[in-house]
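Asks: The sequence shown runs 12 to 446 under the working numbering. Backbone N, C-alpha and C define an ideal beta-carbon position, used for all residues, glycine too.
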Amino acid sequence: MLDNRTADQGSVECGCRVTGLISVEEAQARLRQVLSHLTRVDTVDLTRAPGRVLASDVRADFPSPAFDNAAMDGYAVSLAGLSGQGPFALTVGDRLAAGDGRALSLARGQAIRIFTGAAVPQGTDAVIMQEATARDGGRVIFDHLPTPDQHIRRAGSDMARGDLVLPAGTVLTSRAIAALAATGVSDVAVKPHPRVALLMTGDEVQGAGPGLTPGRIWDVNTPMLRAELASLGVDLMACRQVADRRDDIAAAMADLATQTDLLITTGGVSVGEEDHMHAALAAAGGRPVFQGVAMKPGKPISAGCIGDALWLGLPGNPVSAYVGWQLFGPMSLAALTGAAVPPVQQARLRQSNAIPAQPTPAQATDRREFRPVQRCGYDGDGTLLVTDLGRVRSHALAPLALADGMIDIPAGTTYPGATDRFPFIAFARDDSERI
Ligand SMILES: Nc1nc2c(c(=O)[nH]1)N[C@H]1C(S)=C(S)[C@@H](COP(=O)(O)OP(=O)(O)OC[C@H]3O[C@@H](n4cnc5c(N)ncnc54)[C@H](O)[C@@H]3O)O[C@H]1N2
Ligand code: MOO
12 MLDNRTADQG
22 SVECGCRVTG
32 LISVEEAQAR
42 LRQVLSHLTR
52 VDTVDLTRAP
62 GRVLASDVRA
72 DFPSPAFDNA
82 AMDGYAVSLA
92 GLSGQGPFAL
102 TVGDRLAAGD
112 GRALSLARGQ
122 AIRIFTGAAV
132 PQGTDAVIMQ
142 EATARDGGRV
152 IFDHLPTPDQ
162 HIRRAGSDMA
172 RGDLVLPAGT
182 VLTSRAIAAL
192 AATGVSDVAV
202 KPHPRVALLM
212 TGDEVQGAGP
222 GLTPGRIWDV
232 NTPMLRAELA
242 SLGVDLMACR
252 QVADRRDDIA
262 AAMADLATQT
272 DLLITTGGVS
282 VGEEDHMHAA
292 LAAAGGRPVF
302 QGVAMKPGKP
312 ISAGCIGDAL
322 WLGLPGNPVS
332 AYVGWQLFGP
342 MSLAALTGAA
352 VPPVQQARLR
362 QSNAIPAQPT
372 PAQATDRREF
382 RPVQRCGYDG
392 DGTLLVTDLG
402 RVRSHALAPL
412 ALADGMIDIP
422 AGTTYPGATD
432 RFPFIAFARD
442 DSERI
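1. Give me the Cβ distance between D198 and T54, rounded to the nearest whole Å; I'm assuming they're in contact under 8 Å.
2. Smallest Cα separation from R172: which of P157, L267, A193, I152?
3. Assess contact between the stretch 326 to 343 and the stretch 47 to 63, defined as three or more Cβ pairs (one per stretch) separated by less than 8 Å. Is contact present?
4. Give the DSSP-derived three-state secondary structure of R298 in the structure shown.
5. Measuring alpha carbon to alpha carbon, tell me which residue in G134, D147, Q141, R150 is nearest P159.
6. By Cβ distance below 8 Å, which residues in the same chain neighbour G296 in space, the five residues on each side in sequence not counted?
7. Taking the C-alpha atoms as reference points, what is the distance between I188 and R51?
8. Just to confirm, are I420 and T376 a CB contact at a threshold of 7 Å?
9. Please give the ranges of any beta strand (DSSP E) in the stretch 92 to 169, keeping only runs that are unbroken, at least 3 residues long and fully inside the region.
10. How many Å lie between R41 and G335 at the Cα?
11. Please name the residue in D214, R106, P74 whose C-alpha comes closest to that of S168.
12. What does a CB cutoff of less than 7 Å around G218 pick up in its chain, not counting 5 residues either side in sequence?
13. Which value, in whole angstroms, describes the spacing of the CA atoms of G303 and V69?
14. Is DSSP giving E380 helix, strand or coil here?
15. When you compare only the Cα positions, how much space is there between V397 and G226?
16. Expressed to the nearest angstrom, what Euclidean distance is found between the alpha-carbon atoms of P370 and V280?
17. Once the 5 residues before and after G220 are set aside, which same chain residues still bring their CB inside 6 Å of it?
18. If we require 3 or more residues per run, which beta strand (DSSP E) segments fall completely within the stretch 210 to 282?
19. Taking all protein chains shown into account, do 16 or more other C-beta atoms lie within 10 angstroms of the C-beta of P98, making it buried, or fewer, making it exposed?
20. Counting only the same chain and skipping the five closest in sequence on each side, list residues whose C-beta sits under 8 Å from that of D84.
21. Could you spell out where the beta strand (DSSP E) holding S313 opens and where it closes?
22. Given Q410, which residues of its chain have a CB within under 7 Å of its CB, disregarding the five upstream and five downstream residues?
23. Between P308 and ligand 2, is the CB less than 6 Å from at least one heavy atom?
24. When the Cα atoms are used, what is the spatial distance from G309 to A268?
Here it is in structure tokens:
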């Protein structure tokens, strides 16, 4: 079960949460805490393992190499009876190719013709590569005394039985999969693929199609979030719209929560009479994790849990929903899948965005602001340069379309100057580096 605990966020006054906002970091910590209780794992074979993250340590069931074998095409020899100066001559006995399962032994004064990958015969001290030898009928002649273990790959010298091959949390790259394959691992326990559903609320919202009914608006959040999730490799397992009625929303939430790890909703998280998400969460048997975060845009963003599912309640305003998703969506998916969260870079505003010499108090940010910006190059010292697309308006999508990340501007900052550096949170690229 997910952890249903939540802290008191303070009281609601005047229809507006004045004391209840928590910081972005506190909200993220609560999500991580809730998600740490999710123990679902998938078991997959190596063909389905690329990119997945190991849910538990993997130890070697078999040693690698599995047996002592030749690293070169040549001759298996024993050092017994070889001493002094060369040249040396040995009688060539049997012939061993890779895959030959016979358990041969070297007799004194004998060499066995051997090929790369073949198990060396009992009593072999070295393999002499064929280029260092000459044949004289049934004898092999070589000039130099081989060193012990020369060109022999000993059993378990790479990974011994029981060795830790890969620790839990390893991303299964082709290299990691190679190590698993070498020790005979066929199935691995991996962090689950997240099961994600989207529930969009808003009686005024209309899907794409001919004609817009008076008073209604086009649905932006569904296509936007679907594309965003697709760029992260997540297919929605359900995507629904529900009317702005508490009981309908609660029924849909309860139903989807039984099938998902992450239930995303949009709209209805604010304080108006038509905002039903918080009541619906309770009616669906869920508990809040947080309700409102000190950020702009997206202040009313909320989260909760319903059974084993995490609910992320994004605001209806599309820019607020997008920014809220960036702060809490990818990190929640990463907590579920074990994926790494990319480090936050620092960015500086391009000179032409520089500020008026005397910033006015009206330009000071009142809440911590996440402002979409556009990358435009690098400064002389290698710092990322970004173009400011203007103050955030939570419905304004034209600037968002130009953005490829957002800067994190602390509350109380006067309009940012060109010398200021801000944490830059990169947006996922929808064309992700696919060939
Ligand atoms: N009295 C107060 N009113 C509001 C507050 C507040 O603190 N006190 N907060 C404002 C802020 S900030 C935000 S953000 C919004 C969030 O409101 P909700 O999450 O309850 O969202 P709705 O009211 O349902 O919708 C807001 C806005 O977004 C449009 N919308 C909704 N869904 C879609 C969609 N799928 N595609 C495009 N646009 C959508 C909707 O029509 C509204 O215009 O609350 C403020 N109010
Ligand atoms: O936070 Mo709201 O997102 O300001 O519009």
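Replies: Based on what the coordinates show:
1. The Cβ separation is near 5 Å, so the contact holds.
2. Comparing Cα positions, the closest option is A193.
3. The stretch 326 to 343 is not in contact with the stretch 47 to 63.
4. Looking at R298 - three-state DSSP - the assignment turns out to be strand.
5. For P159, the nearest C-alpha among the options comes from G134.
6. These residues qualify, in order along the chain: A265, I317, G318.
7. When rounded, the distance between both Cα atoms is 22 Å.
8. Yes, they are a contact pair.
9. As far as the stretch 92 to 169 is concerned, its whole beta strand (DSSP E) runs of at least 3 residues are 99 to 107, 121 to 125, 137 to 140, 144 to 147, 150 to 153.
10. Roughly 15 Å between the two C-alpha positions.
11. If we check each option's Cα against that of S168, P74 comes out closest.
12. The residues D230, in chain order, have a CB closer than 7 Å to that of G218 in the same chain once the five nearest residues on each side in sequence are set aside.
13. C-alpha separation (whole angstroms): 41 Å.
14. DSSP places E380 in the strand class (E or B) of the three-state scheme.
15. So the two alpha carbons sit approximately 37 Å from each other.
16. Its pLDDT being 45, under 50, P370 is placed unreliably by the model, and nothing is read from it.
17. Apart from the 5 residues on each side of it in sequence, G220 has no Cβ closer than 6 Å to any other Cβ in its chain.
18. With a minimum length of 3 residues, the unbroken runs of beta strand (DSSP E) contained wholly in the stretch 210 to 282 fall at 247 to 253, 273 to 277.
19. Burial call: exposed.
20. Closer than 8 Å at the Cβ level, and outside the excluded window around D84, lie I125, F126, T127, M140, Q141.
21. Its beta strand (DSSP E) spans residues 313 to 317.
22. Note that residue 410 is Pro in the sequence shown, not Gln. Within the same chain, P383, L400, G401 come within 7 Å of P410 by CB-CB distance, once the 5 residues on both sides are set aside.
23. Answer for P308: yes, Cβ within range of ligand 2.
24. Going by the C-alpha atoms only, they are around 23 Å apart.
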